[in-house]
Amino acid sequence: MPVHPPLAPGELLRHFTVAVFVVHADSVLLHYHRKLEKWLPPGGHIEDGELPDEAALREVEEETGIRARLVGPRGLPIDEPRQLVIPAGIQVEDIYPGHQHIDLVYFAVPDPDDLRAAEIDAALAESDQVGWYRLEAIATLGASEEIQAWGRRALDALSTS
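Residue numbers (the numbering used here): 1 to 161.
Structure representation (C-alpha coordinates):
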(Lines of atoms letter the chains of each structure in order from A; the text may use other names.)
(Lines give C-alpha, C1' and ligand atoms only; values in the text may rest on other atoms or scores of the structure.)
Protein backbone atom coordinates (compact mmCIF):
# COMPACT_ATOMS: atom_id res chain seq x y z
CA MET A 1 0.00 0.00 0.00
CA PRO A 2 1.42 3.42 -0.87
CA VAL A 3 2.52 5.77 1.91
CA HIS A 4 0.64 9.06 1.88
CA PRO A 5 1.60 12.43 3.36
CA PRO A 6 -0.37 13.59 6.40
CA LEU A 7 -3.83 14.87 5.57
CA ALA A 8 -4.74 18.51 5.95
CA PRO A 9 -7.61 19.19 8.35
CA GLY A 10 -10.87 18.20 6.70
CA GLU A 11 -9.08 16.36 3.87
CA LEU A 12 -10.34 12.90 2.97
CA LEU A 13 -8.27 10.09 1.45
CA ARG A 14 -10.21 7.40 -0.40
CA HIS A 15 -8.96 4.17 -1.97
CA PHE A 16 -10.86 1.74 -4.18
CA THR A 17 -10.66 -1.82 -2.89
CA VAL A 18 -12.20 -5.22 -3.62
CA ALA A 19 -13.55 -8.03 -1.43
CA VAL A 20 -14.34 -11.41 -2.97
CA PHE A 21 -16.65 -14.03 -1.46
CA VAL A 22 -15.71 -17.28 -3.20
CA VAL A 23 -18.28 -20.09 -2.80
CA HIS A 24 -17.62 -23.83 -3.23
CA ALA A 25 -19.52 -26.86 -1.90
CA ASP A 26 -21.82 -24.67 0.23
CA SER A 27 -18.83 -23.02 1.89
CA VAL A 28 -17.16 -19.60 1.73
CA LEU A 29 -13.42 -19.02 1.36
CA LEU A 30 -12.01 -16.96 4.25
CA HIS A 31 -8.55 -16.23 5.58
CA TYR A 32 -7.25 -14.82 8.83
CA HIS A 33 -5.72 -11.38 8.26
CA ARG A 34 -2.83 -11.22 10.72
CA LYS A 35 -2.40 -7.43 10.61
CA LEU A 36 -6.09 -6.70 11.16
CA GLU A 37 -6.54 -9.76 13.42
CA LYS A 38 -9.82 -10.84 11.88
CA TRP A 39 -11.35 -13.29 9.40
CA LEU A 40 -11.98 -11.79 5.98
CA PRO A 41 -12.65 -12.79 2.40
CA PRO A 42 -9.75 -12.28 0.00
CA GLY A 43 -9.42 -8.65 -1.02
CA GLY A 44 -7.34 -5.52 -1.14
CA HIS A 45 -6.49 -2.36 -3.02
CA ILE A 46 -7.07 -1.91 -6.73
CA GLU A 47 -3.63 -1.05 -8.10
CA ASP A 48 -2.95 1.81 -10.51
CA GLY A 49 -3.89 0.78 -14.05
CA GLU A 50 -5.76 -2.32 -12.84
CA LEU A 51 -9.42 -3.06 -13.56
CA PRO A 52 -11.60 -3.98 -10.56
CA ASP A 53 -12.21 -7.48 -12.02
CA GLU A 54 -8.46 -8.02 -12.37
CA ALA A 55 -7.82 -6.83 -8.80
CA ALA A 56 -10.49 -9.18 -7.44
CA LEU A 57 -9.02 -12.25 -9.15
CA ARG A 58 -5.44 -11.27 -8.28
CA GLU A 59 -6.26 -10.80 -4.60
CA VAL A 60 -8.02 -14.18 -4.37
CA GLU A 61 -5.03 -15.98 -5.88
CA GLU A 62 -2.41 -14.02 -3.91
CA GLU A 63 -4.07 -14.45 -0.53
CA THR A 64 -5.38 -18.00 -0.86
CA GLY A 65 -3.71 -19.70 -3.84
CA ILE A 66 -7.16 -20.28 -5.37
CA ARG A 67 -7.86 -19.33 -9.00
CA ALA A 68 -11.41 -18.02 -9.24
CA ARG A 69 -14.00 -16.81 -11.71
CA LEU A 70 -16.22 -13.85 -10.84
CA VAL A 71 -19.96 -14.48 -10.99
CA GLY A 72 -22.50 -11.80 -11.76
CA PRO A 73 -24.16 -9.84 -14.50
CA ARG A 74 -22.36 -7.49 -16.84
CA GLY A 75 -23.77 -4.12 -17.85
CA LEU A 76 -24.74 -5.14 -21.38
CA PRO A 77 -24.64 -8.41 -23.34
CA ILE A 78 -22.11 -7.04 -25.86
CA ASP A 79 -18.38 -7.46 -26.49
CA GLU A 80 -17.46 -3.82 -27.21
CA PRO A 81 -16.96 -1.84 -25.18
CA ARG A 82 -15.74 -4.47 -22.72
CA GLN A 83 -18.27 -5.11 -19.97
CA LEU A 84 -17.06 -5.80 -16.43
CA VAL A 85 -18.83 -7.86 -13.78
CA ILE A 86 -21.17 -5.67 -11.75
CA PRO A 87 -20.23 -5.94 -8.05
CA ALA A 88 -22.74 -7.58 -5.72
CA GLY A 89 -22.36 -4.48 -3.57
CA ILE A 90 -20.40 -1.30 -3.00
CA GLN A 91 -19.74 -0.03 0.50
CA VAL A 92 -17.66 2.70 2.14
CA GLU A 93 -15.55 1.67 5.12
CA ASP A 94 -13.97 4.13 7.54
CA ILE A 95 -10.40 2.91 8.06
CA TYR A 96 -9.35 5.75 10.36
CA PRO A 97 -10.34 9.43 10.53
CA GLY A 98 -9.91 10.94 7.08
CA HIS A 99 -9.29 7.60 5.32
CA GLN A 100 -11.95 5.49 3.64
CA HIS A 101 -12.07 2.43 1.42
CA ILE A 102 -14.67 2.26 -1.34
CA ASP A 103 -15.09 -1.50 -1.31
CA LEU A 104 -16.42 -3.31 -4.40
CA VAL A 105 -17.84 -6.63 -3.17
CA TYR A 106 -17.81 -9.54 -5.62
CA PHE A 107 -19.02 -13.13 -5.62
CA ALA A 108 -16.95 -15.86 -7.27
CA VAL A 109 -16.47 -19.61 -7.67
CA PRO A 110 -13.28 -21.62 -8.14
CA ASP A 111 -12.26 -21.57 -11.81
CA PRO A 112 -14.27 -24.42 -13.39
CA ASP A 113 -11.57 -24.87 -16.07
CA ASP A 114 -9.04 -25.82 -13.38
CA LEU A 115 -9.79 -29.21 -11.79
CA ARG A 116 -7.71 -28.32 -8.72
CA ALA A 117 -8.97 -24.75 -8.40
CA ALA A 118 -10.78 -25.33 -5.09
CA GLU A 119 -7.76 -26.96 -3.43
CA ILE A 120 -5.92 -24.66 -1.08
CA ASP A 121 -2.16 -24.82 -1.60
CA ALA A 122 -0.51 -23.48 1.56
CA ALA A 123 2.67 -22.76 -0.41
CA LEU A 124 0.78 -20.35 -2.68
CA ALA A 125 -1.34 -18.62 -0.04
CA GLU A 126 -0.18 -15.44 1.74
CA SER A 127 -2.13 -16.47 4.82
CA ASP A 128 -1.38 -19.62 6.79
CA GLN A 129 -4.97 -19.68 8.03
CA VAL A 130 -7.22 -20.07 5.01
CA GLY A 131 -10.12 -22.42 4.43
CA TRP A 132 -13.61 -23.16 3.24
CA TYR A 133 -16.23 -22.42 5.93
CA ARG A 134 -19.92 -23.22 6.09
CA LEU A 135 -22.22 -20.42 7.24
CA GLU A 136 -22.63 -21.77 10.78
CA ALA A 137 -18.83 -22.00 11.16
CA ILE A 138 -18.27 -18.40 10.05
CA ALA A 139 -19.95 -17.10 13.21
CA THR A 140 -17.87 -19.39 15.43
CA LEU A 141 -14.69 -17.94 13.89
CA GLY A 142 -15.68 -14.57 15.31
CA ALA A 143 -16.23 -13.02 11.88
CA SER A 144 -17.98 -9.65 11.93
CA GLU A 145 -21.70 -9.26 11.32
CA GLU A 146 -20.86 -7.71 7.93
CA ILE A 147 -18.73 -10.71 6.85
CA GLN A 148 -21.43 -13.11 8.02
CA ALA A 149 -24.12 -11.19 6.10
CA TRP A 150 -22.08 -11.07 2.87
CA GLY A 151 -21.20 -14.75 3.30
CA ARG A 152 -24.88 -15.61 3.68
CA ARG A 153 -25.78 -13.56 0.60
CA ALA A 154 -23.01 -15.20 -1.47
CA LEU A 155 -24.10 -18.67 -0.37
CA ASP A 156 -27.74 -17.88 -1.18
CA ALA A 157 -26.72 -16.66 -4.64
CA LEU A 158 -24.22 -19.40 -5.54
CA SER A 159 -24.82 -22.56 -3.48
CA THR A 160 -25.46 -25.77 -5.35
CA SER A 161 -27.92 -27.31 -2.89
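Beta carbons are placed, not taken as given, at the ideal position from N, Cα and C, and that holds for glycine.
Residues in its own chain within less than 7 Å of residue i by CB, not counting five upstream and five downstream?
{"i": "Gln99", "result": "A small correction: the amino acid at residue 99 is His; Gln does not occupy that position in the sequence shown. Cβ neighbours of His99 beyond the five flanking positions: Leu13."}
{"i": "Gln91", "result": "Asp103, Val105"}
{"i": "Ala139", "result": "Gln148"}
{"i": "Ile46", "result": "Phe16, Thr17, Val18, Pro52, Ala55"}
{"i": "Asp111", "result": "Arg67, Ala68, Arg69, Ala117"}
Taking DSSP as the reference, what is the three-state secondary structure of residue i?
{"i": "Arg58", "result": "helix"}
{"i": "Ile90", "result": "strand"}
{"i": "Ala118", "result": "coil"}
{"i": "Leu19", "result": "Sequence check: residue 19 is Ala here, not Leu. It is a strand residue."}
{"i": "Asp103", "result": "strand"}
{"i": "Gly49", "result": "coil"}
{"i": "Asp44", "result": "Looking at the sequence itself, residue 44 is Gly, so the reference to Asp does not match. Looking at Gly44 - three-state DSSP - the assignment turns out to be strand."}
{"i": "Met1", "result": "Note that Met1 scores a pLDDT of 49, beneath 50, so its modelled location is shaky and nothing firm can be said."}
{"i": "Leu13", "result": "strand"}
Report the CB separation of residue i from residue j in whole angstroms; it is logged as a contact under 8 Å.
{"i": "Val71", "j": "Phe107", "result": "5 Å"}
{"i": "Gly43", "j": "Ile120", "result": "At roughly 17 Å, the Cβ-Cβ gap does not stay under 8 Å, so Gly43 and Ile120 are not in contact."}
{"i": "Leu29", "j": "Ala143", "result": "Between Ala143 and Leu29 the Cβ distance is about 12 Å, and since that is not below 8 Å, they are no contact."}
{"i": "Val109", "j": "Arg69", "result": "6 Å"}
{"i": "Trp76", "j": "Pro52", "result": "Before going on, a small fix: residue 76 reads as Leu here, not Trp. No, Leu76 and Pro52 are not in contact; Cβ-Cβ is about 17 Å, not under 8 Å."}
{"i": "Glu163", "j": "Val20", "result": "As displayed, the chain neither begins before 1 nor continues past 161, which places residue 163 out of reach and without an answer."}
{"i": "Leu141", "j": "Gly151", "result": "Their Cβ separation, rounded to whole angstroms, is 10 Å, which puts Leu141 and Gly151 out of contact at 8 Å."}
{"i": "Arg153", "j": "Ala88", "result": "7 Å"}
Output the distance between the C-alpha atoms of residue i and residue j, rounded to the nearest integer angstrom.
{"i": "Ile97", "j": "Gly10", "result": "At residue 97 the sequence reads Pro, which differs from the Ile that was named. Going by the C-alpha atoms only, they are around 10 Å apart."}
{"i": "Leu40", "j": "Tyr32", "result": "6 Å"}
{"i": "Glu62", "j": "Ser159", "result": "24 Å"}
{"i": "Ala137", "j": "Glu80", "result": "42 Å"}
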